[in-house]
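S.K.:
Protein chains: 2
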Amino acid sequence: MSLREKKKDRTRLQLLEAALDLIERQGFAETTISQIAEAVEVSSRTVLRYFATKEDVIVSWVEDGMATFLASLEQRPADEPAPASLIASARDMLASYQAKSNFYLTIERVIAAVPAVSARKQELSAALAAKVTKILNARKGGGERFALANELYPIVIFSVMRVAISQWVAFNGARPLVEVFDEAVSLVQFSPLDA
Amino acid sequence: MSLREKKKDRTRLQLLEAALDLIERQGFAETTISQIAEAVEVSSRTVLRYFATKEDVIVSWVEDGMATFLASLEQRPADEPAPASLIASARDMLASYQAKSNFYLTIERVIAAVPAVSARKQELSAALAAKVTKILNARKGGGERFALANELYPIVIFSVMRVAISQWVAFNGARPLVEVFDEAVSLVQFSPLDA
DNA sequence: CGCAAAATAGTCACTTAGCGACAAATGTCA
DNA sequence: TGACATTTGTCGCTAAGTGACTATTTTGCG
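Top line first, the protein sequences correspond to chains G and Y. Sequential numbering from 1 applies to the first sequence in the numbering used here. Sequential numbering from 1001 applies to the second sequence in the numbering used here.
#1: Got a sec, what are the start and stop residues for the beta strand (DSSP E) G/Gln-189 sits in?
#2: Quick check: is the beta carbon of Y/Leu-1152 nearer than 9 Å to any beta carbon in chain G?
#3: Which same chain residues end up closer than 6 Å to Y/Trp-1168 when comparing Cβ atoms and leaving out the 5 residues on each side of it in sequence?
#4: Can you tell me whether G/Asn-172 is helix, strand or coil according to DSSP?
#5: Applying a beta-carbon distance threshold of less than 9 Å, which residues of chain G neighbour Y/Arg-1010?
#6: Compare the beta carbon distance of Y/Ser-1197 and Y/Leu-1070 with 9 Å and say whether it is the shorter of the two.
#7: Comparing C-alpha positions only, which one of G/Glu-38, G/Arg-49, G/Met-161, G/Ser-44 sits nearest to G/Ser-89?
#8: How would you list, in chain order, the residues of chain Y whose beta-carbon sits under 7 Å from the beta-carbon of G/Ala-119?
#9: Taking C-beta pairs closer than 8 Å, name the residues in chain Y that G/Ile-33 reaches, listed in chain order.
#10: At the 9 Å Cβ level, is G/Pro-176 part of the contact set with chain Y, yes or no?
#11: Does the segment 115–122 of chain G come into contact with the segment 44–63 of chain G, if we say contact requires no fewer than three beta-carbon pairs (one atom in each stretch) closer than 8 Å?
#12: If I measure Cβ to Cβ from G/Ala-195 and keep anything under 6 Å in the same chain, skipping five residues before and after, which residues do I get?
#13: Step through the CB atoms of chain G and report whether any lies within less than 9 Å of the CB of Y/Val-1047.
#14: Residues of chain Y with CB under 9 Å from G/Glu-183, in chain order?
#15: Quick check on the DSSP output: the alpha helix (DSSP H) that includes G/Asp-9 runs from which residue to which?
#16: Residue ranges of each alpha helix (DSSP H) run of no fewer than 4 residues wholly in the segment 40–123 of chain G, ordered along the chain?
#17: Which same chain residues, not among the five before or five after G/Lys-95, have their C-beta less than 7 Å away from its C-beta?
#18: Could you name the residues of chain G that Y/Pro-1081 contacts, counting a contact when the two beta carbons are closer than 7 Å?
#19: Measure how close the beta-carbons of G/Ile-157 and G/Ile-111 come, nearest whole angstrom, since I'm counting them as under 8 Å.
#20: Using the rule of at least 16 other Cβ atoms within 10 Å of the residue's Cβ for burial, across every protein chain shown, is Y/Phe-1103 buried or exposed?
#21: I need the straight-line Cα distance from G/Leu-152 to Y/Glu-1041, nearest angstrom please.
#22: Buried or exposed: Y/Thr-1031, going by 16 or more other Cβ atoms within 10 Å of its Cβ?
#23: Given a threshold of 16 other Cβ atoms within 10 Å of its Cβ, counted over all protein chains shown, does G/Ala-129 qualify as buried or as exposed?
#24: Hey, does Y/Phe-1190 have any beta-carbon neighbour from chain G nearer than 9 Å?
#25: Go ahead and pull the three-state DSSP assignment for G/Asp-194.
#26: Have a look at G/Met-1, G/Gly-143, G/Tyr-97 and flag the residue whose alpha-carbon is nearest the alpha-carbon of G/Met-66.
#27: So which of Y/Ala-1147, Y/Ile-1155, Y/Asp-1182 has the shortest CA-CA distance to Y/Ala-1127?
#28: When Cβ atoms are compared, which residues of the segment 153–165 of chain G fall closer than 9 Å to chain Y?
#29: Chain Y beta carbons: is any one of them nearer than 9 Å to that of G/Ala-126?
#30: Step through the CB atoms of chain Y and report whether any lies within less than 9 Å of the CB of G/Val-180.
#31: How would you list, in chain order, the residues of chain Y whose beta-carbon sits under 9 Å from the beta-carbon of G/Pro-77?
#32: Out of Y/Ser-1166, Y/Asn-1172, Y/Gly-1173, point me to the one whose CA is closest to Y/Ala-1184's CA.
#33: Please report the distance separating the alpha-carbon of Y/Ala-1039 from that of G/Thr-53.
#34: With a cut-off of 9 Å, does the C-beta of Y/Leu-1187 fall near any C-beta of chain G?
#35: Tell me, please, whether the CB atom of Y/Leu-1015 is closer than 9 Å to any CB atom in chain G?
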């Protein structure tokens, strides 16, 4: 990894930390981009080059987690029923959250507290859901018959993940995230369309 | 209804129509608030008094639907299992959508097409889900044991509604919305926690 | 009707998000 | 070191959104 890339990563992280700090003390709306910039001694233009919006200073970090989900899904056998694949990939992703629980707990706390930020997260997760639907549709078999299911399952799974994370945050990570997810998922059973 | 209120309703509707028209022709980002204002011959300050954000010019109209949902839920028997109540209320709300299908199809088409607008809709629906959770928690019985379920069910139901609406829009209202919802809901079964 | 009180709309001034273009600075690699 | 590519800063701009104040309508009562 080049010096240039190391510096970028460092700045990116510093911007997150400055933002978290300022937002915790003043609130999201009251924190301006130039305050975040000043705290890290860069120009505000630079902040907006690292992050597309102010919300993204926080929320872009969960995109790594989403990448984990996709990577996991691609490796599942294509003949596995969709719900099983999705649950497995969700568990993988949440396990990676768990592994950096300090980091993600802080971020998700802010996301949960600030509607504008969670709206932006939902936007990203809707985009991911659409990608996942495409992947499921590309699997051989089903065709037309699965169209509705393949749109519905990813969205529902992401909802369940969201609730699990919200509980995890509410209890400050006291219970393992994957465990909370399993409990949540057990409340919603997917009909055996594939049977 | 006073003249004053009639005028307000008329202006509100004109603003929606102007916005829909402009957005269809130019796109959402390219349409400015003052363009919408000009089309209706009011000041742009007035537009922002009617609607909190530009997104809300479109999305605030679905809040009526959400009110229908809440009203329906309040009238369900408190000893009914939560999933049954939620499904019934969702059907009521979607039936009212159906009744004004021309109106809602146009609005939901824009919502589906513009990420910023659907993000805002999600924000409203998250707020509604929180209210619904409170209502469910206030029902006697359960207590602690239902905490997770009562947070999860509303969110999942709203996801299912969202997918149903998205299909409905995709087929231009060809299939009855409630029917699509029923099909979607049959794909996700709620575990009999209450049994 | 006509007039005072209340509600609503318009005007003005301001802050901040976000973007495009160009110049300055910094890292890369031969 | 020096040429090249990448990143950062500066400047100028548009548009969203807010607060304060003024002007205009609407209401409802004598």
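In this text, a Cβ means the ideal position worked out from N, Cα and C, and glycines have one as well.
M.R.: According to the data block:
#1: 188–190
#2: yes
#3: Correct list, in chain order: Leu-1177, Val-1180.
#4: Correct three-state label for G/Asn-172: coil.
#5: Correct list: empty, because the minimum Cβ distance to chain G is about 30 Å.
#6: Because chain Y in this structure spans residues 1001 to 1195, residue 1197 of chain Y falls outside the shown range and cannot be described.
#7: G/Met-161
#8: Ala-1119, Arg-1120, Gln-1122, Glu-1123
#9: By Cβ distance, chain Y contributes nothing, its closest Cβ being about 19 Å from G/Ile-33, past 8 Å.
#10: no
#11: yes
#12: In this predicted model, G/Ala-195 has a pLDDT of only 42, less than 50, meaning its place in the structure is not dependable enough to derive any value.
#13: no
#14: Leu-1148
#15: First-last of the alpha helix (DSSP H) with G/Asp-9: 3–26.
#16: Correct list: 44–50, 54–59, 62–74, 82–99, 101–113.
#17: It should be noted that the sequence gives Ala, not Lys, for residue 95 of chain G. Correct list, in chain order: Val-178.
#18: Within 7 Å Cβ-Cβ: nothing; Y/Pro-1081 doesn't reach chain G, min ~12 Å.
#19: Actually they are not in contact, since the Cβ atoms of G/Ile-157 and G/Ile-111 sit about 18 Å apart, beyond 8 Å.
#20: Using a 10 angstroms sphere on the CB of Y/Phe-1103, the tally of other CB atoms stays under 16, which defines it as exposed.
#21: 43 Å
#22: buried
#23: buried
#24: yes
#25: Low confidence applies here, because G/Asp-194 scores a pLDDT of 47, under 50, leaving its location unreliable and the question unanswered by this model.
#26: Considering only alpha carbons, the answer is G/Tyr-97.
#27: Y/Ile-1155
#28: Here the close residues are Tyr-153, Ile-155, Val-156, Phe-158, Ser-159, Val-160, Arg-162, Val-163, Ala-164.
#29: Yes, G/Ala-126 lies at the interface with chain Y (some Cβ there is under 9 Å from its Cβ).
#30: At least one C-beta of chain Y is nearer than 9 Å to the C-beta of G/Val-180.
#31: Neighbours of G/Pro-77 on chain Y: none; closest Cβ ~22 Å, over 9 Å.
#32: Among Y/Ser-1166, Y/Asn-1172, Y/Gly-1173, the Cα nearest to that of Y/Ala-1184 belongs to Y/Ser-1166.
#33: C-alpha separation (whole angstroms): 30 Å.
#34: yes
#35: no
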